[in-house]
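Enquirer:
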Amino acid sequence: MKIKFYKIFILIILLSFCSTPIIKQERNSSFYRIEHYKTKRTPKGILLQFDPISFSIDTLEKHWIPFWLKENYEVVQIIQNEKRFLSSQEVDVILKDIQENNSLSSKKIILTGISLGGITILDYLNEKENIEGISRVMVIGTGWDYAYSGNLFYENHDLLNKKIKDIKNFKFLSYKKYLEENYNKPFIEDFFIPNVSIEKKKFKYLGNHRLPMLIVVGKIDPFSPEDSMIPFIKNYQQCSFKTLLNRCYYIEASRANFFDKDYNHFDLFLYDDVVDDLYQDMNEWIRKEF
Amino acid sequence: MVLDILMGGDMKNFLLSFFTIILTTMSCISISPAKGEIHHPTTRDGWKLTLEHFSDKDAQQKFKRKYPVILCHGLMANRTYYTINGESSFALQLAKAGYDVWVLDLRGREEAGPPSWFFGEKKYDYSIDDYIKYDVDAAIQYVLEKTKSDKVNWVGHSMGGMIAYARIGSYQESRIANLVTVGSPFSFELSTTSLRLWHKVGSCTTSVFPTVPMGSLAKFNSYMCVDLTPKPGLVEILLYPENTDKEVIKASQRYMITNIAKPEALQLKTALELGEFYSIDGKINYTENLKNIQIPTLMVLGRRDHLGFGYTIRLVYEKIQTKDKQLLIVERAQGASEDYGHGDLFMGKNAPKDVMEPIIQWMNERNKL
Numbered sequence: 018m019k020i021k022f023y024k025i026f027i028l029i030i031l032l033s034f035c036s037t038p039i040i041k042q043e044r045n046s047s048f049y050r051i052e053h054y055k056t057k058r059t060p061k062g063i064l065l066q067f068d069p070i071s072f073s074i075d076t077l078e079k080h081w082i083p084f085w086l087k088e089n090y091e092v093v094q095i096i097q098n099e100k101r102f103l104s105s106q107e108v109d110v111i112l113k114d115i116q117e118n119n120s121l122s123s124k125k126i127i128l129t130g131i132s133l134g135g136i137t138i139l140d141y142l143n144e145k146e147n148i149e150g151i152s153r154v155m156v157i158g159t160g161w162d163y164a165y166s167g168n169l170f171y172e173n174h175d176l177l178n179k180k181i182k183d184i185k186n187f188k189f190l191s192y193k194k195y196l197e198e199n200y201n202k203p204f205i206e207d208f209f210i211p212n213v214s215i216e217k218k219k220f221k222y223l224g225n226h227r228l229p230m231l232i233v234v235g236k237i238d239p240f241s242p243e244d245s246m247i248p249f250i251k252n253y254q255q256c257s258f259k260t261l262l263n264r265c266y267y268i269e270a271s272r273a274n275f276f277d278k279d280y281n282h283f284d285l286f287l288y289d290d291v292v293d294d295l296y297q298d299m300n301e302w303i304r305k306e307f
Numbered sequence: 053m054v055l056d057i058l059m060g061g062d063m064k065n066f067l068l069s070f071f072t073i074i075l076t077t078m079s080c081i082s083i084s085p086a087k088g089e090i091h092h093p094t095t096r097d098g099w100k101l102t103l104e105h106f107s108d109k110d111a112q113q114k115f116k117r118k119y120p121v122i123l124c125h126g127l128m129a130n131r132t133y134y135t136i137n138g139e140s141s142f143a144l145q146l147a148k149a150g151y152d153v154w155v156l157d158l159r160g161r162e163e164a165g166p167p168s169w170f171f172g173e174k175k176y177d178y179s180i181d182d183y184i185k186y187d188v189d190a191a192i193q194y195v196l197e198k199t200k201s202d203k204v205n206w207v208g209h210s211m212g213g214m215i216a217y218a219r220i221g222s223y224q225e226s227r228i229a230n231l232v233t234v235g236s237p238f239s240f241e242l243s244t245t246s247l248r249l250w251h252k253v254g255s256c257t258t259s260v261f262p263t264v265p266m267g268s269l270a271k272f273n274s275y276m277c278v279d280l281t282p283k284p285g286l287v288e289i290l291l292y293p294e295n296t297d298k299e300v301i302k303a304s305q306r307y308m309i310t311n312i313a314k315p316e317a318l319q320l321k322t323a324l325e326l327g328e329f330y331s332i333d334g335k336i337n338y339t340e341n342l343k344n345i346q347i348p349t350l351m352v353l354g355r356r357d358h359l360g361f362g363y364t365i366r367l368v369y370e371k372i373q374t375k376d377k378q379l380l381i382v383e384r385a386q387g388a389s390e391d392y393g394h395g396d397l398f399m400g401k402n403a404p405k406d407v408m409e410p411i412i413q414w415m416n417e418r419n420k421l
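Order-wise, the sequence lines are chains H and R. In this text, residue positions in the first sequence follow the numbering used here: the first is 18, and each later residue adds one. In this text, residue positions in the second sequence follow the numbering used here: the first is 53, and each later residue adds one.
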């Protein structure tokens, strides 16, 4: 009997070391709210995440946020009062706020774009001549330039600014059904498709920046397809496909790269084995010195 | 009795068991490709090609299409790609829509006399440049003579589209009225792990043999009940198996896959290394010359395609100068039954509706008399 209690005690001690408790602080500001997920130990860095717009933060609490906390990164989540893309001036306001309210060096801030909300970050890189106070940029499930025929947004203007459950597009209905069968239904129903521009992007300062950049794309993601990222990758400083393994790294989550599956938009956040299959690779890139 | 006389009992039993195992493991295929009328035009440099002709006289009378169509297969394939699904194959679908259809076998394919590995008159010594310079020219010339037309429609899958891009862009080819490319890459800057592995296998093989014997291996595999193909990710680069009938996959291994000539493999290797597609002597940058393309062009992309990637098709879309250009993405989100891969674009379970129908519709709009 004594031995059993002893074993349980050891198990409890071990579990307490393994699990990372989520400590969340909230703060309101003018046009946004901040949810700050903290670690107990001194963090290696901060992921400054912009609002995914398309879905709520709960979705990220399944795999994404616990993973980065476990790796000892704090997550600062910006949640906007309105579902829209932010201007570069607004991003500046947020950046200043975060830098002033954190004791960590700006060298440790990783600007992170999740889902279609990442467009805000990519536009910011294009609009700003000089960017200070961040160490690197990471986007996952983010598209950029949709000015070509064939893509979902170009061909279906009626999809924009709607929740999936409100879309009446006949062709899209079978896709909605497929998504509902494969993912959490309430999450899918609430998925919001923002007003993505199908205008040709004009290049301004993309070529100026030398910030290390990680781009993660799901192979069968119709919302943020690889084709929509090409103009960005082609024009970002030091980010041609030939230097991908260095400063600018591109991960296509696909079977052809020996991932478990060809990733859909939702797999990037909800696939059961996404941590081992994908996030570990991202973490390796973050640990790299440039 | 004869076996008993010729050899001892143990040996006879062994041989009988061996052949019984072989026969029981041999796989039968119930699918047979559609058959048309065979023609053999000859290129200016002396190679025989094959053109298989399909037409439906009633449909031709009814619809009166402006130009005939040439269908061209991709690398490592032959014309069976367009006929393998029998009645629902693309060649027959086009014929039913009133087109005069000519399905092309480029040089080195079996029907017109396969090359030999080491000896013989024709060997595996041809490059993609030869397809562009001689085979496309001979095929168009032959079809124009037979149909009394002045132009053709060209539909190319994978490399079959690439050689049309190169022919139009770099050789000022004016006899192609409308171009449809399906899963055709033309820029190779980003390579996947699978593609790099294939590339290594190809390099190793061609250092010993004059060919990458994919056709021979695929044919052998098609006779086996047990699938001997390596790691699934390596095969999925060629097609999405979930979207293709198993019988069609077996049939394609037996009838469709062909060997790759060493210079072809080398040319693609260079393209992967340089990111752009050059002639084998390095003098012509085919990718750069895409800007010379001025004819109506439809580019079809399977969302899951691991060879004709979305990024590369988008780059072609940006580079060609014609105003009448359209990109069609075959994906679930836009009503297709599946996110299509590379080979299943024409061989997929629902390809007639998801892929062929929109292509034929696009062609119909540009083939009115």
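Glycine included, every Cβ here is placed at the ideal spot set by N, Cα and C.
In the DSSP output, what is R/D157 paired with across the bridge?
Expert: Taking the first residue of the second sequence as position 1, residue 157 of chain R is located at position 105. According to DSSP, R/D157 bridges with R/T102.
Enquirer: Could you have a look at R/A270 and say whether DSSP puts it in helix, strand or coil?
Expert: Residue numbering aside, residue 270 of chain R sits at position 218 when the second sequence is read from its first letter. Here R/A270 sits in helix by DSSP.
Enquirer: Does R/Q378 come within less than 8 Å of chain H when only Cβ atoms are used?
Expert: For this step, residue 378 of chain R is matched to residue 326 along the second sequence. Chain H, which has a Cβ nearer than 8 Å to the Cβ of R/Q378, makes this yes.
Enquirer: In chain R, what lies closer than 8 Å to H/A273 by C-beta?
Expert: Locating residue 273 of chain H in the first sequence gives position 256, where the first residue counts as 1. Those within 8 Å of H/A273 in chain R are T244, T245, S246, L247, G285, E288, I289 and H358.
Enquirer: Taking the Cβ atom as the reference point for each residue, do R/Y303 and R/I136 lie within a distance shorter than 8 Å?
Expert: Mapped onto the second sequence, residue 303 of chain R falls at position 251. Mapped onto the second sequence, residue 136 of chain R falls at position 84. According to the sequence displayed, residue 303 of chain R carries Ala and not Tyr. Going by C-beta atoms, R/A303 is nearer than 8 Å to R/I136.
Enquirer: Taking 7 Å as the cut-off, is the C-beta of R/E409 nearer than that to any heavy atom in the ligand MG?
Expert: The ligand MG is absent from the structure shown, which contains no ligand whatsoever.
Enquirer: CA-CA distance, R/I411 and R/F115?
Expert: Locating residue 411 of chain R in the second sequence gives position 359, where the first residue counts as 1. Locating residue 115 of chain R in the second sequence gives position 63, where the first residue counts as 1. Computed Cα separation, rounded: 16 Å.
Enquirer: Between the beta-carbon of H/T56 and the beta-carbon of H/F204, is there less than 8 Å?
Expert: Residue 56 of chain H sits at position 39 when you count from the first residue of the first sequence. Residue 204 of chain H sits at position 187 when you count from the first residue of the first sequence. Result no, Cβ atoms of H/T56 and H/F204 do not sit closer than 8 Å.
Enquirer: I want to see whether chain H comes within less than 8 Å of R/A403, judged by CB atoms only; does it?
Expert: Sequence index remark: in the second sequence, residue 403 of chain R carries index 351 (1-based). So no, R/A403 is outside the interface.
Enquirer: Compute the Euclidean distance between the alpha carbons of R/I81 and R/T132, then round it to the nearest angstrom.
Expert: For the purposes of this step, residue 81 of chain R is taken as the residue at position 29 of the second sequence. For the purposes of this step, residue 132 of chain R is taken as the residue at position 80 of the second sequence. Spanning the two alpha carbons is a distance of roughly 15 Å.
Enquirer: Closer than 8 Å, CB to CB, is H/Y165 near chain R or not?
Expert: To locate residue 165 of chain H, count along the first sequence from 1; it is residue 148. So yes, H/Y165 belongs to the interface.
Enquirer: Count the CB pairs spanning the region 341 to 356 of chain R and the region 143 to 158 of chain H that are closer than 8 Å, and state whether there are at least three.
Expert: These segments do not touch.
Enquirer: Could you tell me which whole alpha helix (DSSP H) segments of length 4 or greater appear in the region 217 to 274 of chain H?
Expert: Correct list: 243 to 252.
Enquirer: Can you list, in chain order, the residues of its chain whose CB lies under 7 Å from that of R/D297, leaving out five sequence neighbours each side?
Expert: The residue labelled residue 297 of chain R in the question sits at position 245 within the second sequence. Same-chain partners within the cutoff: K401.
Enquirer: Could you check what DSSP says for R/V207 in three-state terms: helix, strand or coil?
Expert: The sequence position of residue 207 of chain R within the second sequence is 155, counting from 1. R/V207 falls in the strand class under three-state DSSP.
Enquirer: H/K182 to H/Y192, Cα distance in whole Å?
Expert: As a first step, residue 182 of chain H is located in the first sequence; it is residue number 165 there, counting from the start. As a first step, residue 192 of chain H is located in the first sequence; it is residue number 175 there, counting from the start. Distance between the alpha carbons of H/K182 and H/Y192: 12 Å.
Enquirer: Using a Cβ cut-off of 7 Å, pull out every chain R residue sitting near H/K188, in sequence order please.
Expert: Residue numbering aside, residue 188 of chain H sits at position 171 when the first sequence is read from its first letter. The answer, in chain order, is Q386 and G387.
Enquirer: Taking a cut of 9 Å between CB atoms, which residues from the region 324 to 336 of chain R lie near chain H?
Expert: Result list: G327.
Enquirer: State yes or no: is the beta carbon of R/R418 nearer than 8 Å to at least one beta carbon in chain H?
Expert: The sequence position of residue 418 of chain R within the second sequence is 366, counting from 1. No, its Cβ sits nowhere closer than 8 Å to a Cβ of chain H.
Enquirer: Step through the CB atoms of chain H and report whether any lies within less than 8 Å of the CB of R/D406.
Expert: Walking along the second sequence from the start, residue 406 of chain R turns up at place 354. No, its Cβ sits nowhere closer than 8 Å to a Cβ of chain H.
Enquirer: Can you tell me which of the three DSSP states R/E424 falls into?
Expert: Examination of residue 424 of chain R is not possible in this model, given that chain R is present from 53 through 421 alone.
Enquirer: Just mark R/G98 as buried or exposed, buried being the case when its beta carbon has 16 or more other beta carbons within 10 Å.
Expert: Taking the first residue of the second sequence as position 1, residue 98 of chain R is located at position 46. Exposed, by the Cβ-count rule.
Enquirer: Do you know offhand how far H/Q116's Cα is from H/K61's?
Expert: Position 99 of the first sequence, counting from 1, holds the residue named residue 116 of chain H. Position 44 of the first sequence, counting from 1, holds the residue named residue 61 of chain H. So the two alpha carbons sit approximately 16 Å from each other.
Enquirer: Can you check whether the C-beta of R/D396 is within less than 8 Å of a C-beta belonging to chain H?
Expert: One-based indexing of the second sequence puts residue 396 of chain R at position 344. Output row for R/D396: interface = no.
Enquirer: If you pair each beta-carbon of the region 354 to 368 of chain R with each one of the region 228 to 240 of chain H, do three or more pairs fall below 8 Å?
Expert: As far as the Cβ criterion goes, the region 354 to 368 of chain R touches the region 228 to 240 of chain H, which means the pair count is three or higher.
Enquirer: Give, in chain order, every residue of the region 227 to 240 of chain H whose Cβ lies closer than 7 Å to some Cβ of chain R.
Expert: Listed by position along the chain: K236, I237 and P239.
Enquirer: Check whether the region 192 to 210 of chain R and the region 159 to 178 of chain R touch, using three or more Cβ-Cβ pairs below 8 Å as the test.
Expert: Cβ pair count under 8 Å is below three, so no.
Enquirer: Only counting runs of 3 or more residues, tell me where the beta strand (DSSP E) segments fall wholly within the region 82 to 106 of chain H, in order along the chain.
Expert: If we require 3 residues or more, the beta strand (DSSP E) runs fully inside the region 82 to 106 of chain H come out as 90 to 97.
Enquirer: Taking three-plus beta-carbon pairs below 8 Å as touching, is the region 81 to 99 of chain H in contact with the region 194 to 211 of chain H?
Expert: Counting Cβ pairs under 8 Å, fewer than three are found: no touch.
Enquirer: Hey, how far is the Cα of R/G354 from the Cα of H/M155?
Expert: In the second sequence, counting from the first residue as 1, residue 354 of chain R sits at position 302. In the first sequence, counting from the first residue as 1, residue 155 of chain H sits at position 138. For R/G354 and H/M155, the distance between alpha carbons rounds to 27 Å.
Enquirer: Report the residue from R/I184, R/L350 and R/Y307 whose alpha carbon sits nearest the alpha carbon of R/G235.
Expert: Along the second sequence, one-based indexing puts residue 235 of chain R at 183. Closest option to R/G235, Cα to Cα, is R/L350.
Enquirer: Nearest to R/R366 by CA position, among H/N300, H/Y165 and H/E206, is which residue?
Expert: Position 314 of the second sequence, counted from the first residue, corresponds to residue 366 of chain R. That would be H/Y165, whose Cα lies nearest to the Cα of R/R366.
Enquirer: In this structure, does DSSP put R/T72 in helix, strand or coil?
Expert: To locate residue 72 of chain R, count along the second sequence from 1; it is residue 20. At R/T72 the pLDDT is 49, less than 50, meaning the model places this residue with poor confidence and gives no usable figure here.
Enquirer: From R/K371 to H/E107, what does the alpha carbon distance come to, in whole angstroms?
Expert: As a working note, residue 371 of chain R is residue 319 in the second sequence. As a working note, residue 107 of chain H is residue 90 in the first sequence. If you take the alpha carbons of R/K371 and H/E107, they lie about 35 Å apart.
Enquirer: What does R/D391 reach in chain H if we use C-beta pairs closer than 9 Å?
Expert: Numbered from 1 along the second sequence, position 339 holds the residue referred to as residue 391 of chain R. Under the 9 Å cutoff, chain H gives K236, I237, P239, D279 and N281.
Enquirer: Please classify H/C35: does DSSP put it in a helix, a strand, or coil?
Expert: Locating residue 35 of chain H in the first sequence gives position 18, counting from the first residue. With a pLDDT of 49 at H/C35, under the threshold of 50, the predicted position of this residue should be treated as unreliable, and no value is reported.
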